[in-house]
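See below for the structure under consideration.
In this note's numbering, the protein residues as written are 320 to 436.
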């Protein structure tokens with residue numbers, strides 16, 4: 320299988336890094352907001368310098384802004400793989416039709432917000 324990014328005509332070779340700047344013993348959470356800029360601002364140049372072109376993160380709250388982080392990724396020519404998590408706090412009953420409709424609505428909003436164009 321080949322992966323193409325955006326309007327590229329050449330396949331994209333993923334040289335990826337799983338990235339979660341959580342301290343040992345802490346729970347994984349979204350640390351890609353302005354509040355935690357000191358963490359990712361420190362790490363992104365190092366990640367790029369080692370040859371990576373893609374980050375995969377484990378936690379992404381699409382209800383909050385990540386504009387600075389996304390602009391920094393663009394500046395370092397790094398792509399991002401983000402999870403869409405079915406968190407029980409946001410979706411308490413996956414068998415309910417209303418919850419399923421909300422998941423689909425949120426998924427579409429998530430794709431629009433996080434897609435690279």
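Here a beta-carbon is modelled for each residue, glycine too, at the ideal position from N, C-alpha and C. Keep in mind it's a predicted model, so treat the numbers as computed, not measured.
Under 8 angstroms Cβ to Cβ from residue i, same chain only, skipping five residues before and after it: list those, please.
i           : result
residue 366 : 336, 338, 374, 395 and 397
residue 371 : 334, 335, 336 and 397
Looking only at its own chain, which residues have a Cβ that is under 6 angstroms from the Cβ of residue i, when we skip the five neighbours before and after it?
i           : result
residue 321 : 330
Can you tell me whether DSSP reads residue i as helix, strand or coil?
i           : result
residue 375 : strand
residue 363 : helix
residue 430 : helix
In angstroms with no decimal places, state the Cα-to-Cα distance between residue i and residue j.
i           : j           : result
residue 359 : residue 415 : 38 angstroms
residue 421 : residue 427 : 10 angstroms
residue 349 : residue 357 : 14 angstroms
residue 405 : residue 423 : 11 angstroms
residue 385 : residue 355 : 10 angstroms
residue 390 : residue 407 : 30 angstroms
residue 410 : residue 399 : 24 angstroms
residue 347 : residue 325 : 29 angstroms
residue 362 : residue 341 : 12 angstroms
Specify, as a first and last residue, the run of the alpha helix (DSSP H) that residue i falls within.
i           : result
residue 392 : 386-394
Within a Cβ cutoff of 7 angstroms, which residues of the same chain sit near residue i, ignoring the five residues on either side of it in sequence?
i           : result
residue 412 : 418
residue 353 : 387
I need the boundaries of the beta strand (DSSP E) containing residue i, first residue and last residue.
i           : result
residue 399 : 398-400
residue 324 : Unbroken run through residue 324: none, as it is neither H nor E.
residue 337 : 335-337
When we look at the beta-carbon of residue i and count the other beta-carbons within 10 Å, is it buried (16 or more) or exposed?
i           : result
residue 403 : exposed
residue 351 : buried
residue 382 : exposed
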